[in-house]
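Enquirer: Have a look at this one before I ask anything.
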């Protein structure tokens, strides 16, 4: 934000990016005009089932491994092959230690909603077929963020932005208009 001269912005975080966005909202509340958490965890404590696979990674990271990792989270909607392949290429840009260190750091980080109160207007979007994030956690996160709104997408998994990009864009646009 500093590099492009933005005093504040609406932050959008998907999956673990939403965990990071929550922390930014706590650390720099004056910089966060709004917060949109899409399939975002309330907590990443504990070891996800795939952590052992990440710990075994070495360089160069195998494209088949990255492609396979994208199947760990079931999808309810078709996603274009070109989009999935672009995410594989994104994953291959990361050395193995970045995969490992990122997962370790996220799992060890304090739960943002337990360390402070997020004051930014917040929209929480969650897919009702999300096998990683229980509904109760999403409801608890919404309860911990005053004035937040939880929107549940039917027949959608964890990768909400992948599965329902047009709907997310529509909801994001409406949220931004209402917040300004």
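Numbering (our numbering), first residue to last: 1062 to 1241.
Ideal Cβ placement from N, Cα and C applies to all residues, glycine included.
A quick note: this is a predicted structure, and the numbers were derived from the prediction, not measured.
Please go through the segment 1123-1175 and give each complete alpha helix (DSSP H) segment of 4 or more residues, from N-terminal end onward.
Expert: 1124-1130, 1142-1153 and 1157-1169
Enquirer: Which residue's Cα is closest to the Cα of residue 1104: 1166, 1216, 1225 and 1217?
Expert: 1166
Enquirer: For residue 1096 versus residue 1176, is the C-beta spacing smaller than 8 Å?
Expert: no
Enquirer: Taking DSSP's pairing of strands, which residues face residue 1210 in a bridge?
Expert: 1184
Enquirer: Using a Cβ-Cβ cutoff of less than 6 Å, which residues in the same chain neighbour residue 1111 once the five nearest sequence positions on both sides are dropped?
Expert: 1133
Enquirer: For residue 1097, does the three-state DSSP call read helix, strand or coil?
Expert: strand
Enquirer: For residue 1221, name the three-state secondary structure that DSSP assigns.
Expert: helix
Enquirer: Would you call the segment 1193-1206 in contact with the segment 1230-1240, where contact means no fewer than 3 C-beta pairs closer than 8 Å?
Expert: no
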